[in-house]
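Worksheet: the structure to be examined is printed underneath.
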Ligand code: 13P
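Numbering (my numbering), first residue to last: -1 to 263.
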């Protein structure tokens, strides 16, 4: 992390936690807030140096918005179409999210790419559309196990970013490096592997948008991040936070991730 960029912990709940579980999660997080988080961490959250986010399923967004209302936790959507309305069965749009007061989106998660046919081209369209509509967009990318084993990591990341990044830089653009082999497997990238990929990705950002924009862009790490490994990962200079699946599903471990991040600030 580089303190001037701020640090971010985001829980991607994937297809977990309906409205009722969302309300219980939030109630537990609120009641444990002061005991689980040190004064230092709470101060970091209050000042905005550390921020906390959850991405529940679409059907739970309004519950999450209401339940987290009095907290510093921001709510985002996991999948949002690039068009603003129309005949796209099953999809939701930016204006719908705005109507319910949700301001963050995930774009191009590897599960969306793997199971729902998202490509670098649709990732780019979504990122551009969401940013234009005023959302903060977290653009996910990362190599598969076979690509890493074949020594293709950098070329895969370069291609995903060169074709998936929006044409214009925007301060609301955030990247999330998520090596597919580390997602849900318990196999975390080592801090060195994460740093290498993040530094490389930042160099691609610099080529595209210039050095200043690259230095200002947060790059999160995702893939079996836990309260146990969060500190070592965040100590890396180019790792600016975490996008966390499994370990974000329980309020205790979500708060422990925040505490891990806060302890470094
Ligand atoms: P896990 O933390 O469960 O590995 O998931 C990571 C992820 O995909 C976050 O978007």
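We put the CB at the ideal spot given by N, CA and C, even for glycine.
Which residues share a DSSP beta bridge with residue 51?
Mapped onto the chain shown, residue 51 falls at position 53. In the DSSP output, where bridge partners are listed per residue, residue 51 has 8, 72.
If you count every other CB in all the chains shown that lies within 10 Å of the CB of residue 162, and 16 or more means buried, which is it?
In the chain shown, residue 162 corresponds to position 164, counting from 1. Classification of residue 162: buried, given that the 10 Å Cβ count is 16 or more.
Quick one: what does DSSP say residue 239 is sitting in, helix, strand or coil?
If you number the chain shown from 1, residue 239 lands on position 241. Three-state result, residue 239: strand.
Please say whether residue 60 and residue 77 have beta carbons closer to each other than 9 Å?
Reading the chain shown from its first residue, position 79 is the one you call residue 77. Reading the chain shown from its first residue, position 62 is the one you call residue 60. It is not a contact, given that the beta carbons lie outside the stated cut-off.
Need the endpoints of the beta strand (DSSP E) that residue 139 sits in, please.
Taking the chain shown and counting its residues from 1, the one referred to as residue 139 is at position 141. Residue 139 -> beta strand (DSSP E) spans 134 to 139.
Can you pull the DSSP bridge partners for residue 102?
The count along the chain shown starts at 1 and reaches residue 102 at position 104. Partner(s): 74, 134.
Would you give the residue range spanned by the beta strand (DSSP E) that residue 95 belongs to?
Taking the chain shown and counting its residues from 1, the one referred to as residue 95 is at position 97. That residue, residue 95, is in no beta strand (DSSP E); its alpha helix (DSSP H) goes 92 to 97.
Can you find a heavy atom of the ligand 13P that lies under 8 Å from the Cβ of residue 194?
Here residue 194 is taken as the residue at index 196 of the chain shown, counted from 1. Every heavy atom of the ligand 13P is 8 Å or more from the Cβ of residue 194, so no.
Please check the pair residue 3 and residue 238, which I expect to be a contact at CB under 8 Å, by giving their CB distance rounded to whole angstroms.
Here residue 3 refers to the residue found at position 5 of the chain shown. Here residue 238 refers to the residue found at position 240 of the chain shown. Confirmed, Cβ separation roughly 5 Å.
Buried or exposed, going by whether 16 or more other CB atoms sit within 10 Å of the CB of residue 280?
For the chain, the structure presents residues -1 to 263; residue 280 sits outside this window and is missing.
Which two residues bound the contiguous beta strand (DSSP E) that contains residue 218?
By 1-based counting over the chain shown, the position of residue 218 is 220. Where residue 218 is concerned, the enclosing beta strand (DSSP E) stretches over 217 to 219.
To the nearest angstrom, how far is it from the Cα of residue 145 to the Cα of residue 249?
Within the chain shown, numbered from 1, the residue matching residue 145 stands at position 147. Within the chain shown, numbered from 1, the residue matching residue 249 stands at position 251. In a straight line, the C-alpha of residue 145 is about 34 Å away from that of residue 249.
If you measure from the CB of residue 223, is any heavy atom of the ligand 13P nearer than 8 Å?
Here residue 223 is taken as the residue at index 225 of the chain shown, counted from 1. At least one heavy atom of the ligand 13P is nearer than 8 Å to the Cβ of residue 223, so yes.
Output yes or no for whether 9 Å exceeds the beta carbon distance between residue 53 and residue 84.
Translated into positions along the chain shown, residue 53 becomes position 55. Translated into positions along the chain shown, residue 84 becomes position 86. No.
Counting Cβ pairs closer than 8 Å, one from the stretch 123 to 140 and one from the stretch 167 to 175, do we hit at least three?
Yes: at least three Cβ pairs fall under 8 Å.
Which word fits residue 25, buried or exposed, when buried means at least 16 other C-beta atoms lie within 10 angstroms of its C-beta?
For the purposes of this step, residue 25 is identified with residue 27 of the chain shown, where counting begins at 1. The residue is exposed, with fewer than 16 neighbouring Cβ atoms inside 10 Å.
So the beta strand (DSSP E) residue 172 belongs to, where does it begin and stop?
Taking the first residue of the chain shown as position 1, residue 172 is located at position 174. That run of the beta strand (DSSP E) goes 171 to 175.
So the candidates are 23, 1, 13, 18; which of them puts its Cα closest to the Cα of residue 43?
For this step, residue 43 is matched to residue 45 along the chain shown. When each option's Cα is compared against that of residue 43, the closest is 1.
Would you say the beta carbon of residue 103 is closer than 8 Å to some non-hydrogen atom of the ligand 13P?
As a working mapping, residue 103 is identified with position 105 in the chain shown. No.
Do you know how far the Cα of residue 200 is from the Cα of residue 28?
Taking the first residue of the chain shown as position 1, residue 28 is located at position 30. Taking the first residue of the chain shown as position 1, residue 200 is located at position 202. Each residue's Cα considered, the two are about 35 Å apart.
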